[in-house]
Every structure is written in C-alpha cells, then in structure tokens.
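Asks: Note that the protein sequences, when read in sequence, are chains A and B. Numbering follows UniProt numbering, in which position 190 of the first sequence is assigned residue number 190; successive positions increment by one, without gaps. Numbering follows UniProt numbering, in which position 4 of the second sequence is assigned residue number 4; successive positions increment by one, without gaps. Ideal placement from N, C-alpha and C gives every residue a C-beta, glycine not left out. From a predicted model like this one, the values you see are computed outputs, not experimental measurements.
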Amino acid sequence: MRKKDAPPRWDRKMQQRLARGEAAALGELYDRFASLVHGLAHRVLGDEHAADTVTRDVFAHVWQHPDTYDPRQGPLRSWLAALTNRLAVERLRTTETAALARGGPGTTEDLERKVRHASVAARADYIVQSMPAPLRAALELAYFQRRDYRQTAADLGVTDEEARRRLRLGLQLLATAHDAGAPGAPPGIGGAA
Amino acid sequence: MSGHGPGPYDDRGPLTAGPDELPPGPEHQVLKSLLGAWALAACAPAEADAVEEHLGVCGPCADEALRLREAVGLLQRPESLDLKPALRTRVLETCLERRPPRIPVPDWAAAYDAETARLDALLQDFGDNEWHAPVRLRWYEGDEASSRRTTVAGVIAHLMTVDGLVAVALGLEDPLGEVRPERPTPSDRTEAYWRAARFPPTRSVRGPWREQSHRLIRTVSFTGSDTGRMTVPYGDFALPLHDAMLDRAFECWVHAEDIAEAVDYPYDPPAGRHLHEMVDLAARLLPVVLEARRHHGLAAPVERRLVAAGEPGRSLRLEIEGSGGGEWLIPLDSPAAKGSAEHEVAHVALDGAEFCRLAAGHVPPREAAAGQEGDREAIRDVLFAAASLSRM
Numbered sequence: 001m002r003k004k005d006a007p008p009r010w011d012r013k014m015q016q017r018l019a020r021g022e023a024a025a026l027g028e029l030y031d032r033f034a035s036l037v038h039g040l041a042h043r044v045l046g047d048e049h050a051a052d053t054v055t056r057d058v059f060a061h062v063w064q065h066p067d068t069y070d071p072r073q074g075p076l077r078s079w080l081a082a083l084t085n086r087l088a089v090e091r092l093r094t095t096e097t098a099a100l101a102r103g104g105p106g107t108t109e110d111l112e113r114k115v116r117h118a119s120v121a122a123r124a125d126y127i128v129q130s131m132p133a134p135l136r137a138a139l140e141l142a143y144f145q146r147r148d149y150r151q152t153a154a155d156l157g158v159t160d161e162e163a164r165r166r167l168r169l170g171l172q173l174l175a176t177a178h179d180a181g182a183p184g185a186p187p188g189i190g191g192a193a
Numbered sequence: 001m002s003g004h005g006p007g008p009y010d011d012r013g014p015l016t017a018g019p020d021e022l023p024p025g026p027e028h029q030v031l032k033s034l035l036g037a038w039a040l041a042a043c044a045p046a047e048a049d050a051v052e053e054h055l056g057v058c059g060p061c062a063d064e065a066l067r068l069r070e071a072v073g074l075l076q077r078p079e080s081l082d083l084k085p086a087l088r089t090r091v092l093e094t095c096l097e098r099r100p101p102r103i104p105v106p107d108w109a110a111a112y113d114a115e116t117a118r119l120d121a122l123l124q125d126f127g128d129n130e131w132h133a134p135v136r137l138r139w140y141e142g143d144e145a146s147s148r149r150t151t152v153a154g155v156i157a158h159l160m161t162v163d164g165l166v167a168v169a170l171g172l173e174d175p176l177g178e179v180r181p182e183r184p185t186p187s188d189r190t191e192a193y194w195r196a197a198r199f200p201p202t203r204s205v206r207g208p209w210r211e212q213s214h215r216l217i218r219t220v221s222f223t224g225s226d227t228g229r230m231t232v233p234y235g236d237f238a239l240p241l242h243d244a245m246l247d248r249a250f251e252c253w254v255h256a257e258d259i260a261e262a263v264d265y266p267y268d269p270p271a272g273r274h275l276h277e278m279v280d281l282a283a284r285l286l287p288v289v290l291e292a293r294r295h296h297g298l299a300a301p302v303e304r305r306l307v308a309a310g311e312p313g314r315s316l317r318l319e320i321e322g323s324g325g326g327e328w329l330i331p332l333d334s335p336a337a338k339g340s341a342e343h344e345v346a347h348v349a350l351d352g353a354e355f356c357r358l359a360a361g362h363v364p365p366r367e368a369a370a371g372q373e374g375d376r377e378a379i380r381d382v383l384f385a386a387a388s389l390s391r392m
C-alpha cells in the first residue's frame with residue numbers, strides 16, 4: 001500500500017484535477033485543508049460564522065480559478081494559507097470599516113493596527129503548524145508546559161544544547177510572521193516555514 | 001571604535017550597544033545559543049542574568065533577543081474547532097454552482113462521499129486511547145443478536161476491507177493484498193485481515209481507509225455512466241454498484257455511530273436525503289429477504305392466492321417519520337409483486353434513524369416499531385427481515 005504522495009506531486013496532480021473540473025478532487029482538497037483554512041480564518045476574524053464564509057470563499061476561489069495556483073511557485077498548502085489570510089484580512093477590514101463608518105469606537109489607525117495584529121497572529125499560527133515537529137514539540141514543552149530547557153531536553157531525549165538550538169530556531173521561524181510585508185500581501189506570505 | 005570610556009547608555013538595556021563594540025568570543029556563542037530559552041523564560045536564573053548582562057554589550061544578540069521575545073507573544077494555543085459537517089456540504093455546493101463540474105460525483109455516490117467525510121472528521125483528533133477503545137460490532141444472525149469485540153482501529157479496518165469489495169469490482173487494488181479470505185464475504189474478509197496482521201490495527205489504518213474511499217469516489221465519477229449494470233459481489237449475494245455504494249455509506253454511518261458511542265462523542269444521523277436513500281435501499285431489499293426467509297421457514301408462508309409478477313399483492317405500509325422520511329409499500333408475498341395501497345394489510349411507523357438502526361441489527365425487532373397496526377404476523381416478518389439485513 002503506497003503512502004501519501006510527496007507533496008509536489010500531490011499538489012501538481014490536484015491542480016490538474018481541479019483544472020479539469022473534477023468534483024471529486026474538490027472534495028479531497030476540502031478534506032485535506034478545510035481545518036487549516038477555517039482555523040486561520042477564525043484566528044483573523046474571531047467569529048465562527050465569518051470563518052465559515054471565508055472558508056467557502058477560499059475553496060470557491062481555488063475551484064473557479066485553479067490556474068492561479070502554480071505548483072512550481074511552492075506548496076499548495078502555503079498558497080492556500082496565504083489566500084486565506086488575504087481574504088480573511090479583507091473581510092475584517094471591510095466589517096471594521098463599516099463599523100467605524102456607523103460611528104463605532106476607535107480611529108482608522110486603531111483599525112489598521114487591529115487588522116495587522118490579526119494577520120500576523122494567523123501567520124504565526126500557520127508557521128507553528130508548518131514548522132518541523134521537533135521544533136514545535138520543544139516550544140510546546142517550554143511555553144505551554146512551562147518546562148525549562150533542561151527539562152525540555154530530558155523530555156525529548158536530546159542534549160541540553162540541542163534543546164537550546166530548537167527553542168531558538170523555533171522562535172526565529174515564528175518571528176518571521178512579522179516580516180511578511182503589509183497585511184493582505186499577495187500569496188507567498190504564508191510560506192515562511 | 002575609539003578609546004573613549006563607557007558611554008552614558010552602555011549599561012542601560014539591550015538596544016543601546018552598537019553591533020561592533022565587542023568582538024564575539026566563545027562566551028558570546030554560548031550566550032547566543034541561550035537566547036531562545038531566555039526569551040521563553042526557560043533557563044536557570046544565573047543563565048538569565050548572564051544573558052541579560054551580555055545583551056547590554058552585544059548589539060546583534062540584543063536585536064535577536066528582542067525579536068525572539070516578540071515571537072513568544074505570538075505563541076497561542078491552537079484552537080480546536082470542530083468543523084461542522086454541514087459546512088462541507090455548503091461549501092462544495094456553492095463551488096459547484098459557481099462552476100459546474102465537468103466530471104461530477106454521481107448522485108448515488110453522494111451519501112458515501114458525505115458519510116466517509118463525516119467519519120474522517122470524527123477520527124481527526126483521536127489519540128491512542130480513542131483508537132484502542134473497545135467497540136462491540138452487533139448484528140442479527142438467524143434471528144439471534146450476534147456481536148464481535150474489536151477496537152476503533154479494528155472497525156476502520158473492517159470498513160476498509162468491506163469497501164474493498166467495491167474496489168475490487170471496479171478493478172482497483174484490493175486492500176487485503178495477499179491475504180486470502182476463506183470466502184469473499186464481508187465477515188470473512190474482515191476476520192482474515194484482522195488475523196493476518198501481526199499486531200492489532202492502530203491509527204495507521206486511517207490513511208489507507210481514507211485513500212481508498214477517495215479513490216472509490218473518484219473512480220465512480222469517471223466510470224459513472226458505464227456502471228449501470230455493474231454488480232458488486234458480496235459472497236452470498238450481490239448488489240448493483242449504485243446500491244453497493246449506498247450500502248457502504250450506510251455501514252459507514254452505522255459504524256461511525258458505534259465508534260462515537262465507544263468514545264462518548266456525539267454523532268448525528270446522515271442528512272435527510274441520504275437517510276431517505278438508505279431507507280429506500282432497505283425497503284427495496286425487504287421483499288427479497290422475506291422470500292428467502294420463507295424458504296428457510298423463518299417467515300410465514302404465502303397466502304393461497306398466487307400473485308402474478310407485476311401485479312399488486314398484499315402489502316405492508318412502512319411509514320418513516322422525521323427527516324428523510326416517506327412511505328413505502330412493501331409487497332409481502334413475492335419480490336415480483338407490486339406494493340399496493342388497496343391490498344395494505346398492516347402499517348408500521350417509525351423514525352428514519354431508528355429504522356436504520358433496526359436494519360443494522362442495533363435494535364431488537366420486537367422493540368423497534370413505535371406504531372403498528374394490522375396483521376401482526378406480517379409486521380413481525382417485516383421487522384425480523386429488516387434486522388436480518390444486518391451483518392458484521
């Protein structure tokens with residue numbers, strides 16, 4: 001029994017099947033990526049219903065315009081994450097702008113700050129999900145379980161030095177969430193990891 | 001760097017030192033390696049002090065420290081939001097409306113598509129405890145309740161091996177591989193697979209099961225129009241491909257419910273239109289099963305008057321309530337007879353999901369019907385026949 005295809009091959013085939021108009025491919029795409037897309041949208045928007053809508057829009061976009069994804073430019077997964085981030089941020093900006101226009105509290109600068117924060121938070125989520133598992137495990141222990149780096153090393157069965165390296169590298173990757181240009185930047189921003 | 005003494009800001013904080021004030025030495029390498037742990041407050045107090053002292057004099061490290069501290073603020077607990085199955089249906093429907101597919105998933109495979117996706121979503125967050133939770137498979141055999149103990153992973157293996165009957169009929173790879181069951185029946189295939197494995201099934205069975213279900217949906221999408229007369233052999237009987245896919249959707253739901261019960265998760269019945277199709281399949285199978293049971297003396301013999309093929313015959317009205325419900329007239333005396341309202345001798349009413357549980361052997365036939373009136377023998381025969389549709 002064959003294991004999963006290597007990502008580039010799977011991505012390329014998926015793109016071709018979508019372009020061919022194969023409904024079964026759309027279902028498979030959804031099954032593989034819906035929780036990623038929905039989770040990122042929810043991180044930006046903080047609202048279940050809005051996240052549902054963005055999820056719908058992301059898959060509708062891919063289905064209607066499969067050619068906008070080019071497998072040579074990178075993995076489908078990060079392309080979808082970037083697309084999700086863009087659509088979610090657009091939606092957040094639209095609803096917040098409307099609220100402001102209706103006389104809601106805050107200023108345009110507050111709005112921009114909020115949008116930027118939400119976008120960076122979603123990118124950070126994606127980076128954590130996509131980083132190599134050993135780095136994620138080290139961060140999980142040190143941050144969420146409050147283990148120091150020596151305990152982390154013992155838990156993971158690695159040297160102290162290796163634990164220090166993983167924590168530093170993990171945070172370095174995570175820090176790139178701040179780098180990716182303006183919120184709503186075109187696809188590519190999710191591919192940091 | 002000139003010879004002047006310490007400036008006013010040198011001891012103040014991480015950002016005051018220029019990058020080139022101190023040549024990096026061995027000390028610098030060690031302290032630099034501690035920056036991640038320091039940012040996470042995960043080093044010993046003495047180490048933290050040493051790092052902070054170093055940050056006052058080393059610009060590059062100070063920059064990195066600041067950057068990593070900010071990154072710590074981005075760590076958030078992953079939100080574990082369960083995706084509602086209805087969202088999948090809604091999203092896919094919207095997509096297919098906006099751009100009609102050139103190769104659609106056939107209507108008769110839609111229930112299988114939906115049910116396998118629902119089960120896969122249930123399995124999503126299972127840990128080892130859940131995968132190895134005990135499950136009892138239940139069915140009726142010779143009008144007696146039977147059962148077989150396995151685990152959640154064992155149930156998925158069971159679904160995969162029986163779905164494999166459809167795969168084989170479509171010319172796809174058999175998940176049993178080299179394993180040869182005694183007879184090509186669902187239970188023999190399952191037992192053979194379980195026996196052949198060196199270890200009891202684990203979570204690793206999920207991938208192959210899911211890949212096969214995706215492959216089935218894809219294959220029937222391509223060959224859909226040519227498969228009208230294709231049948232899937234189940235060993236003791238055969239079903240047309242369309243019905244076999246519906247049968248597999250039904251089994252998938254029934255076992256998903258077994259799994260959900262074993263791990264104490266909630267699990268809803270299928271969407272109304274899929275439930276309706278499942279009831280319809282069972283209702284269509286009932287006359288054949290009734291006849292077979294008569295041959296084995298398990299059901300009351302036919303009344304004297306013979307019914308010509310295609311003619312209306314004595315019928316039981318099966319009324320299914322709730323979402324996916326409807327009415328079916330089950331001809332009682334011969335599969336060839338036509339169900340007829342004029343010849344109705346009995347009426348049974350029950351909820352759709354309850355009827356399916358009866359047909360799955362999960363509800364004793366004597367306790368199944370909420371409302372019954374008319375010929376008691378006919379009702380008994382039909383309820384037992386429904387339970388006998390179940391198998392492992």
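Within 7 Å (strictly less), CB to CB, does residue 103 of chain B reach chain A?
Replies: yes
Asks: Check whether the region 96-103 of chain B touches the region 117-130 of chain B, counting contact only when three or more Cβ pairs, one atom from each stretch, lie closer than 8 Å.
Replies: no
Asks: Listing by chain order, which chain A residues have their CB less than 8 Å from the CB of residue 217 of chain B?
Replies: When 8 Å is used as the limit between beta carbons, residue 217 of chain B is near these residues of chain A: 24, 27, in chain order.
Asks: Identify the contact partners of residue 70 of chain B in chain A, using a Cβ-Cβ distance below 8 Å as the criterion.
Replies: 175, 178
Asks: So, at 7 Å on beta carbons, what are the nonlocal neighbours of residue 11 of chain B in its own chain, with the 5 sequence-adjacent residues on each side left out?
Replies: Because residue 11 of chain B sits at a pLDDT of 38, beneath the cut-off of 50, its placement in the model cannot be relied upon, and the following sentence gives the value as read from the coordinates. So the list reads 56, once near-sequence residues are dropped.
Asks: CA-CA distance, residue 77 of chain A and residue 113 of chain A?
Replies: Those two C-alpha atoms are separated by around 27 Å.
Asks: DSSP on residue 95 of chain A, reduced to helix/strand/coil?
Replies: Here residue 95 of chain A carries a helix assignment [DSSP, helix/strand/coil].
Asks: For residue 410 of chain B, which of B:136, B:86, B:218, B:31 has the nearest alpha-carbon?
Replies: This structure leaves residue 410 of chain B out entirely; chain B is present only between 1 and 392.
Asks: Restricting to runs no shorter than 4 residues, where is the alpha helix (DSSP H) found entirely within the region 210-284 of chain B?
Replies: 241-263
Asks: Assuming contact is defined by CB atoms lying nearer than 7 Å, are residue 54 of chain A and residue 83 of chain A in contact in what I supplied?
Replies: No, these two residues do not count as a Cβ contact at 7 Å.
Asks: Taking the beta carbon of residue 442 of chain B as the centre, do at least 16 other beta carbons fall within 10 Å, making it buried, or is it exposed?
Replies: Past the edges of chain B, shown from 1 to 392, lies residue 442 of chain B, and the structure says nothing about it.
Asks: First and last residue of the alpha helix (DSSP H) that includes residue 31 of chain A?
Replies: 23-45
Asks: Along the chain, where does the beta strand (DSSP E) that runs through residue 341 of chain B open and close?
Replies: From DSSP, the beta strand (DSSP E) with residue 341 of chain B extends over 338-351.
Asks: How would you list, in chain order, the residues of chain B whose beta-carbon sits under 7 Å from the beta-carbon of residue 21 of chain A?
Replies: 101, 102, 103
Asks: Go ahead and label residue 288 of chain B buried or exposed: buried means 16 or more other beta carbons lie within 10 angstroms of its beta carbon, across all protein chains shown.
Replies: exposed
Asks: Who does residue 313 of chain B pair with in a DSSP beta bridge?
Replies: B:339
Asks: What do you get for residue 88 of chain A, buried or exposed, if any count of 16 or more other CB atoms within 10 angstroms of its CB means buried?
Replies: In the assembly as shown, residue 88 of chain A is a buried residue. Its beta-carbon has 16 or more other beta-carbons within 10 Å.
Asks: With the cut-off set at 7 Å, would you say residue 111 of chain B and residue 274 of chain B are in Cβ contact?
Replies: Cβ atoms of residue 111 of chain B and residue 274 of chain B: closer than 7 Å.
Asks: Is any beta-carbon of chain B found at less than 7 Å from that of residue 15 of chain A?
Replies: no
Asks: Would a check of beta-carbon distances place residue 35 of chain A closer than 7 Å to chain B?
Replies: yes
Asks: Give a yes or no on whether 7 Å exceeds the smallest Cβ distance from residue 142 of chain A to chain B.
Replies: yes
Asks: Quick one: any contact between the region 176-191 of chain B and the region 231-242 of chain B, if contact means 3 or more CB pairs under 8 Å?
Replies: yes
Asks: Determine which residues share a DSSP beta bridge with residue 194 of chain B and list them.
Replies: DSSP, once it has assigned bridges, lists no residue as partnering residue 194 of chain B.
Asks: Going by beta-carbon coordinates alone, are residue 149 of chain A and residue 164 of chain A separated by less than 7 Å?
Replies: yes
Asks: What does residue 29 of chain B reach in chain A if we use C-beta pairs closer than 7 Å?
Replies: Going along chain A, no residue has its Cβ under 7 Å from residue 29 of chain B, so there is no contact; the nearest lies around 11 Å.
Asks: Any beta-carbon of chain B closer than 7 Å to the one on residue 101 of chain A?
Replies: no
Asks: Taking only beta-carbon positions, decide if residue 33 of chain B is within less than 7 Å of chain A.
Replies: So yes, residue 33 of chain B belongs to the interface.
Asks: Spatial neighbours of residue 249 of chain B within its chain, please: C-beta separation below 6 Å, excluding the five flanking residues on both sides.
Replies: The residues are 111, 112, 115.
Asks: Taking CB distances under 7 Å as the criterion, tell me whether residue 86 of chain A reaches chain B.
Replies: no
Asks: Output the boundary residues of the alpha helix (DSSP H) element that contains residue 137 of chain B.
Replies: No alpha helix (DSSP H) contains residue 137 of chain B, which is instead part of the beta strand (DSSP E) from 134-141.
Asks: If I follow the unbroken beta strand (DSSP E) through residue 372 of chain B, where does it start and stop?
Replies: 371-374
Asks: Hey, could you find the ends of the beta strand (DSSP E) residue 330 of chain B is sitting in?
Replies: 326-331
Asks: Tell me where the alpha helix (DSSP H) around residue 119 of chain A begins and ends.
Replies: 108-130
Asks: Given residue 344 of chain B, which residues of its chain have a CB within under 6 Å of its CB, disregarding the five upstream and five downstream residues?
Replies: Cβ contact annotation for residue 344 of chain B (same chain, cutoff 6 Å, sequence separation greater than five): 315, 317, in chain order.
Asks: Shortest alpha-carbon distance to residue 180 of chain B belongs to which of B:172, B:196, B:173, B:168?
Replies: The shortest C-alpha separation from residue 180 of chain B is found at B:196.
Asks: Ends of the beta strand (DSSP E) at residue 145 of chain B?
Replies: 144-151
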